[in-house]
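This is the structure in structure tokens:
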């Protein structure tokens, strides 16, 4: 039979206490039966006394099993022994039936807490069979002639008292077991509540940290956005400074260029020139390259492309400030300034516009 292993301290202590009580009740029962048997020379009581001695020996054996840690073995041995002893009593002393009827209930109360749930039905059915067997044997079986009722009354009273004592002990043990289980449940509940409070505190702390991190990230994002906006504004300012647009007359714009010209700056010049044509509705754009030390083929080609784009918008392009070195570079590169009218000075270009 697969049973629960109740090797815990409380289970062993309870079974030990039960066996001690059983042994203490068996001793006066043996003495009482022996005294009555000797006084009245009753053979049936000699038999029950011998059975009580066997019961006492098996109880001692059960105590030894419990001491070794085999709690369930001790419980089953004790309950089976008590059941068989009850059958012996009703067979030898049918008058003891009222006291022996408690046997089945007592054994069931002892063993059920130590059995797995699936074995409860089996043990309950066995208990019903035992109770029925005891009742049938006590009521209908007579293998020994009836003895003096007055002589047996003290024994019956003793059996009832001892059985009641055992039953009360079981009730007390069950109450103690329930109380201990309730205390353990309350302790577990307190621990769970403490754990829940700890988890809630951890969650609150982590939530606070996450909120702070989120606020930090949002602040950084805002600062980065503001920085990007500032950079864009600065780029626009730098672009305006590197490629300034100067309205000199109505619908006439001048872009003075200073320093070295690279591919990126040429793109900026084209972008600013086309935007300015649309913005001021200009018909003439003057590119002043007085401050440019030299122009290579790539720069000259790009200037021609800018002039072509301006022409597509309906405007014309003047190129002023061509000093001898720049002119020499343009001629040596074989570049023809299509759609670009050159002038030596800005005043000449403005005069040409008037003409």
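Residue numbers (the numbering used here): 662 to 1016.
Ideal Cβ placement from N, Cα and C applies to all residues, glycine included.
Note that the structure is a prediction, hence the values are computed from the model and not measured.
Please confirm whether residue i and residue j have their CB atoms less than 7 Å apart.
{"i": "residue 800", "j": "residue 752", "result": "no"}
{"i": "residue 933", "j": "residue 909", "result": "no"}
{"i": "residue 918", "j": "residue 953", "result": "yes"}
{"i": "residue 961", "j": "residue 983", "result": "no"}
{"i": "residue 974", "j": "residue 930", "result": "no"}
{"i": "residue 943", "j": "residue 976", "result": "yes"}
{"i": "residue 733", "j": "residue 775", "result": "yes"}
{"i": "residue 677", "j": "residue 731", "result": "no"}
{"i": "residue 691", "j": "residue 740", "result": "no"}
{"i": "residue 720", "j": "residue 680", "result": "yes"}
{"i": "residue 723", "j": "residue 711", "result": "no"}
{"i": "residue 817", "j": "residue 761", "result": "no"}
{"i": "residue 793", "j": "residue 765", "result": "no"}
{"i": "residue 686", "j": "residue 823", "result": "yes"}
Quick one: give me the first and last residue of the alpha helix (DSSP H) that residue i is part of.
{"i": "residue 693", "result": "670-701"}
{"i": "residue 769", "result": "763-772"}
{"i": "residue 972", "result": "958-973"}
{"i": "residue 992", "result": "985-993"}
{"i": "residue 907", "result": "Run containing residue 907: none in the alpha helix (DSSP H); it sits in the beta strand (DSSP E), 907-910."}
{"i": "residue 921", "result": "Counting along the chain, residue 921 falls outside any alpha helix (DSSP H), and DSSP gives it neither H nor E."}
Apply the 10 Å Cβ neighbour rule to residue i and answer buried if 16 or more other Cβ atoms are within range, or exposed otherwise.
{"i": "residue 603", "result": "Because the chain here runs from 662 to 1016, residue 603 falls outside it and cannot be looked at."}
{"i": "residue 675", "result": "buried"}
{"i": "residue 877", "result": "exposed"}
{"i": "residue 672", "result": "buried"}
{"i": "residue 967", "result": "buried"}
{"i": "residue 1004", "result": "buried"}
{"i": "residue 755", "result": "buried"}
{"i": "residue 777", "result": "exposed"}
{"i": "residue 927", "result": "buried"}
{"i": "residue 846", "result": "exposed"}
{"i": "residue 858", "result": "exposed"}
{"i": "residue 882", "result": "exposed"}
{"i": "residue 978", "result": "buried"}
{"i": "residue 1019", "result": "Past the boundaries of the shown model lies residue 1019; the chain is included only from 662 to 1016, so the question cannot be answered."}
{"i": "residue 830", "result": "buried"}
{"i": "residue 864", "result": "exposed"}
What distance in whole Å lies between the Cβ atoms of residue j and residue i, which are believed to be in contact at a cut-off of 8 Å?
{"i": "residue 990", "j": "residue 957", "result": "7 Å"}
{"i": "residue 914", "j": "residue 946", "result": "5 Å"}
{"i": "residue 745", "j": "residue 709", "result": "At roughly 13 Å, the Cβ-Cβ gap does not stay under 8 Å, so residue 745 and residue 709 are not in contact."}
{"i": "residue 828", "j": "residue 763", "result": "6 Å"}
{"i": "residue 706", "j": "residue 698", "result": "4 Å"}
{"i": "residue 1014", "j": "residue 980", "result": "That pair is no contact at about 13 Å."}
{"i": "residue 912", "j": "residue 941", "result": "7 Å"}
{"i": "residue 992", "j": "residue 955", "result": "Actually they are not in contact, since the Cβ atoms of residue 992 and residue 955 sit about 13 Å apart, beyond 8 Å."}
{"i": "residue 786", "j": "residue 767", "result": "Rounded, the Cβ-Cβ distance is 17 Å, inconsistent with contact."}
{"i": "residue 769", "j": "residue 784", "result": "7 Å"}
State the start and end residues of the unbroken beta strand (DSSP E) segment that holds residue i.
{"i": "residue 1002", "result": "1001-1004"}
{"i": "residue 802", "result": "No beta strand (DSSP E) contains residue 802, which DSSP labels as neither H nor E."}
{"i": "residue 950", "result": "945-952"}
{"i": "residue 981", "result": "977-981"}
- Enumerate, from N- to C-terminal direction, the unbroken alpha helix (DSSP H) stretches of 4 or more residues contained entirely within the segment 711-795. Listed in chain order, the alpha helix (DSSP H) elements of length 4 or more contained wholly in the segment 711-795 are 732-753, 758-761 and 763-772.
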